[in-house]
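Heads up, the sequence shown is in our numbering, so the first residue is 475 and it goes up one at a time. Scroll down for the structure; my scribbles are underneath it.
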Amino acid sequence: MSKTKWLIVALVAVLVFAFFALDLGHLLSLAQLKSQQAGFAVLYAESPALVIGAYALLYVVVFALALPVGAVMTLAGGALFGLVTGTLVVSFASSLGALLAFLASRHVLADTVRARFGQRLAEVDKGIERDGPFYLFTLRLIPAIPPAVINLLFGLTRMRGWTFYWVSQLGMLAGTVAYINAGTQLAKIDSLMGILSPGVIGSLVLLGLFPLIARMAVDGVKRRRVYARWAGIKPRHFERNLVVIGAGAAGLVSAYIAAAVKAKVTLVEAHKMGGDCLNYGCVPSKALIKTATLARQMRHSHDYGIARAEATINFAQVMERVAGIVRAVEPHDSVERYTALGVDVVQGHARLIDPWRVEITKADGTTQTLTTRSIVIATGAAPFVPPLPGLDEVGYLTSDTLWSLRELPQRLVVLGGGPIGCELAQCFARLGSAVTQIEMLPRIMTREDEEVSAYARQALEADGVTLLTGHRALRCERTAAGRFIVVESAGAESRIGFDTLLCAVGRSARLQGFGLEELGIAVNRTVQTDEYLQTTYPNILAAGDVAGPFQFTHTAAHQAWYAAVNALFGSLKKFKADYSVIPWATFIDPEVARVGLNEQEAREKGIPYEVTRYGLDDLDRAIADSAARGWVKVLTPPGKDRILGVTIVGVHAADLLAEFVLAMKHGLGLNKILGTIHTYPTLAEANKYVAGEWKRAHQPTRLLEWVSRYHAWRRA
Ligand SMILES: Cc1cc2nc3c(=O)[nH]c(=O)nc-3n(C[C@H](O)[C@H](O)[C@H](O)COP(=O)(O)OP(=O)(O)OC[C@H]3O[C@@H](n4cnc5c(N)ncnc54)[C@H](O)[C@@H]3O)c2cc1C
């Protein structure tokens, strides 16, 4: 604890001790006040400023320390100074006292509390930022809640001192007036209990609730205003309960849920059912990775005792296999399947006409307009193409166009060091391309810890990728000698020749061409939604890549549940999208999988943590598979087995992660994982062993000493 903290604690302790030691409680009792009232009045008449000053100072101290004489002091204020002056003095003094207590709580306790409950307090902070003054006002008006508790609690939040001060002053005013008024008739008061009658208390509570009720009314008005420009055109009846735009992961799941709960739902897809994941993303990329991994294993067959295994790549066949796999998965997302599930699937381009009408333009040019109570926007994201001079002249591929390639690029440049760029760079290197990967930042996969980036770099370089981090692409050039990309690093330019350029620098939400602008739906890189995934119009929701903040198939599907349920049942009950446990993986070899915090994020957020690590080089199954590389790293709060986050680097890391995702989701700690039987010999045992490492580091040493003595005694 810092010196200032000790000073505050010591000062509070001395003052409280002095109060009880000097029996000030007795001196400031109602009876004493009544008996001394005449004397005080004389003193006040002689030197009013001095009396007011001394009284205010004492009041500030009493209020700040929450000494049990506040009520009597307030009555005294009324008795001595009358209603107006008394109210003024007490109102300012009590607010100042409250502010002092609030600041003391912030200074002494907030850091410790935040260190322990930082993540949970983040939610409270958001609420305080939004509704804090309303809550504080309400609490201040409810006499049953001791002001000291409020001061202490709000000191732990991120509310600004000034806001706390003025809201407190306003909130306490009604109670203050009631007490001061009672004080003006001190002679009639026999006890403190009767000052606030049930009627007065009820009125105060109502007054407290007023701002919240007012807020709800304002929200209602705002909502009406959003729809005001569409006055008179809202359909009287709706043909659909829900129209979903886009049949990727988010759209498919939204439509499926709507059909499952018997809503009338139409799913509109402009291109291919299954969206990016099936056609251009997860499925083809993982199919390609499989072939690349096999090619690598064959090249390293001697590691497995196979003297020679030739990997002759027929790239056209490799890509045909990829296309075949996409076709094999297609039925899962097909029109037939969703129709059988009860979804009305329409193939065409959807456009919002107004908040309740969607116009669909089909391939043959015909249009259909549907009226609907709610809409889910699930239009996904598209590869971002950087505005590089000369890019169009040299030509480029993206994840959308890559899959039609049938000739292996001899020299491939991959622009971008994120997960997609890394997966594809390694794949093509393993298949035989000379790959140069360019990343502007100092390292690849920057969301992960530095050691992960470094390990991934090693892995990619081991497969022959030339990795240029800290290199910024400036322009592309086409000359007689071929195609080049010009990059800059540390002030120096260099040219890299290539046959094929793959842009993998990120993906941007599809926001244009379907009516968002016309309706005035707020966007900022993604469609802006609230926690319920509602857009500017509460009956229009968004899910998946178009809504962000994540760009994964599983998060798109996760959001889809909330979007569909809130769209269909939001007027009865709404659910906030829960992002508390989000896993993801990058499918390079070795895989990198993560859930929750890594060290980098824990440091940024100021969350104290302990690291427990288990190296896969120790794991029997990994050794048997010649895959003994990587690690499992778990972050826990110091001394506790609660899991804050896990990063796994190794073969099948993404599969191994599932146990930790489950544990985090359901609040199971490392002790529970340790107490679970894991099949031998499996890679999953790594999860149990990392829990074992944690346990070993947290042995009850004292207890074990006693146990050792017990055994010694038994031997004797
Ligand atoms: C190479 C690559 C690899 C990836 N690997 C993984 C991975 O391993 N794991 C993972 O979780 N994620 C991965 N992703 C990301 C994943 O593909 C996306 O997060 C996921 O597809 C998002 O789903 P979505 O439903 O939001 O959007 P999408 O899948 O993009 O679907 C949106 C659909 O909306 C349609 N559409 C758009 N506008 C309209 C309109 N006006 N009318 C009608 N239809 C419209 C589009 O045609 C599209 O089909 C990968 C992505 C890529 C590119």
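Glycine is no exception: its CB is placed at the ideal position from the N, C-alpha and C atoms.
Outcome for residue i when other beta-carbon atoms lying within 10 angstroms are tallied against a minimum of 16
i     : result
I731  : buried
G1113 : exposed
H456  : This structure does not reach residue 456, given that the chain is present from 475 up to 1190, and the question cannot be answered.
G1044 : buried
W640  : exposed
M690  : exposed
V868  : buried
R604  : exposed
K736  : exposed
E881  : exposed
Q900  : buried
W830  : buried
K1107 : buried
V739  : buried
A1186 : exposed
I959  : buried
Residue j beta carbon less than 8 Å from that of residue i
i     : j     : result
R984  : G854  : yes
I482  : A578  : yes
A724  : A1165 : no
G657  : L549  : yes
E1078 : T1110 : no
P863  : R949  : yes
Y701  : D874  : no
E922  : N1072 : yes
T765  : R801  : no
L905  : I787  : yes
Y1036 : F1024 : no
V1135 : R1068 : no
V536  : L507  : no
L879  : L886  : no
A729  : V817  : yes
A584  : G629  : yes
A538  : G571  : yes
A761  : A785  : no
P709  : T845  : yes
R825  : F638  : no
I602  : R632  : yes
T1060 : E897  : yes
Contact set for residue i: own chain, Cβ-Cβ below 8 Å, skip 5 residues either direction
i     : result
Q986  : none
T1009 : I851, I995, A996, V1001, Q1002, T1003, L1015, A1016
H1140 : none
R811  : P805
A797  : P758, W877
V809  : M747, V819, Q821
T813  : V819
A964  : G944
CB contact check: residue i to chain B, cutoff 8 Å
i    : result
E924 : In the structure shown, chain B does not exist; there is a single protein chain.
Residue i Cβ short of 7 Å to ligand 3 heavy atom set
i     : result
I1122 : Ligand 3 is not part of this structure, which contains only ligand 1.
Contact set for residue i: own chain, Cβ-Cβ below 7 Å, skip 5 residues either direction
i     : result
L613  : I619, I624
L1042 : N715, L716, A732, V735, A737, S848
S968  : V961
A1158 : L1130, E1133, H1152
V926  : M919, V1066, T1121, V1123
S503  : V546
6 Å Cβ shell around residue i - same chain, five flanking residues per side excluded
i     : result
Q841  : Residue identity differs from the one stated: residue 841 is Thr in this sequence, not Gln. E833, T835.
L1144 : D1115, A1165, W1168
Y1163 : Y1088
A567  : A530, Y533, V534
Query raised in the report: Below 8 Å, can you find three or more Cβ-Cβ pairs linking the stretch 887-896 to the stretch 975-990?
Result: yes
Query raised in the report: Is the stretch 602-618 close to the stretch 543-561, with three or more CB pairs under 8 Å?
Result: no
**Report entry** Segment contact, 8 Å Cβ cut-off, at least three pairs: the stretch 849-865 with the stretch 1004-1017
**Finding:** yes
Query - Sufficient close CB pairs (3 or more, under 8 Å) joining the stretch 918-930 to the stretch 1063-1070 - result: yes
Query raised in the report: Between the stretch 1090-1109 and the stretch 1118-1128, do at least 3 Cβ pairs fall closer than 8 Å?
Result: yes
Query - At least 3 beta-carbon pairs within less than 8 Å: the stretch 902-921 vs the stretch 941-958 - result: yes
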